[in-house]
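The sequence shown begins at 8 in our numbering and counts up by one.
For each residue, glycine too, the CB sits at the ideal point set by N, CA and C.
Inspection log for the structure reproduced underneath, given as structure tokens.
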Amino acid sequence: MPDIKIHREHTLGLAKARKVALKWAEDAEKKFDMECTILEGDDSDTVEFKRSGVNGQLHVAADHFELNAKLGFLLGAFAKTIESEIEKNLDAMLAGKGARRK
């Protein structure tokens, strides 16, 4: 299974990062028919997402986002396109909010 790994540093703090992650999860549910579950922690949160052919997690911390996803066989052929789309969407949400690409 192909993997997608995306890391973005930011200076938002946990409260604002949670808002960005919630928006990301809502968009993923709407646009890509994902099932998203948000697990809140004291120091970080995890957004678990899945649908047929893909599953993964978005780790939300006070200073970074870390997305890891596994694609099934059929979607694996489109891994680079899917990764680019996720990066574009996450970067757009972070634009002007203190994000740094890494």
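Membership of D10 in any alpha helix (DSSP H) is not indicated; the residue belongs instead to the beta strand (DSSP E) covering 10 to 17. Between the segment 44 to 56 and the segment 20 to 32 there are three or more inter-stretch CB-CB distances shorter than 8 angstroms, so the stretches are counted as touching. Nearest in C-alpha terms to N62, of all of K77, E94, K12, is K77.
Annotated as proximal: A86 and I11, with beta-carbon spacing under 8 angstroms. For F72, the number of other beta carbons within 10 angstroms of its own is at least 16, and it is reported as buried. For A84, the closest of E55, N75, G60, D34 by C-alpha to C-alpha distance is G60. Taking 8 angstroms as the cut-off, the beta carbon of D40 is found no closer than this to the beta carbon of N96.
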